[in-house]
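Numbering (the working numbering), first residue to last: 83 to 231.
Don't be surprised by glycine CBs; every beta carbon is placed ideally from N, CA and C.
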């Protein structure tokens, strides 16, 4: 099983996913480069000395996922979709529509997409992600449905 973990942060869930898929599986630990100052040292410590040998670090924006078409069994995005409205230091972390299209691109037919986040008030636009760290359920559903998920 291959899992792509979007905005893996410091790798808390990466560790769990790595052990879940075992030595026959793999985890792609994705973080945008703009988040290096938030997570960089902790990620390095978690991956030091090849302690999670089935994990690959991917430092790309949300709309540039490093996986071939139809190769990923599951994409997880835990407490992260709201980041599409965040621009740390003025740096974009990816186009919202293209990010969801890229998720659809990498997933195998029948693959699973799991998105978990704090809920913003309905009608809130994407920019509340950068201030309140929330996103409306309808916005996530609209982006996902628009990408064919």
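For residue i, which of helix, strand or coil comes out of DSSP?
| i | result |
| --- | --- |
| residue 141 | coil |
| residue 87 | strand |
| residue 189 | strand |
| residue 98 | helix |
| residue 118 | helix |
| residue 175 | coil |
| residue 151 | coil |
Who does residue i pair with in a DSSP beta bridge?
| i | result |
| --- | --- |
| residue 198 | 160 |
| residue 112 | 140 |
| residue 208 | According to DSSP, residue 208 bridges with nothing at all. |
Buried or exposed for residue i, please, with buried defined as at least 16 other CB atoms from any protein chain shown within 10 angstroms of its CB.
| i | result |
| --- | --- |
| residue 204 | exposed |
| residue 260 | Residue 260 lies beyond the stretch modelled for the chain, which goes from 83 to 231, so this question has no answer here. |
| residue 118 | exposed |
| residue 209 | exposed |
| residue 112 | buried |
| residue 94 | exposed |
Expressed to the nearest angstrom, what Euclidean distance is found between the alpha-carbon atoms of residue i and residue j?
| i | j | result |
| --- | --- | --- |
| residue 226 | residue 127 | 33 Å |
| residue 91 | residue 175 | 14 Å |
| residue 88 | residue 162 | 8 Å |
| residue 185 | residue 213 | 25 Å |
| residue 229 | residue 149 | 17 Å |
| residue 239 | residue 84 | The structure shown does not extend to residue 239, since the chain is modelled only from 83 through 231, so no value can be given for it. |
| residue 191 | residue 152 | 7 Å |
| residue 177 | residue 197 | 17 Å |
| residue 199 | residue 173 | 22 Å |
| residue 189 | residue 122 | 27 Å |
Inter-stretch contact at 8 Å, needing at least 3 Cβ pairs: the stretch 165-175 / the stretch 131-139: no
Stretch pair the stretch 133-152 + the stretch 94-101: three plus CB contacts closer than 8 Å: yes
Any 3 or more C-beta pairs closer than 8 Å across the stretch 135-154 and the stretch 179-195: yes
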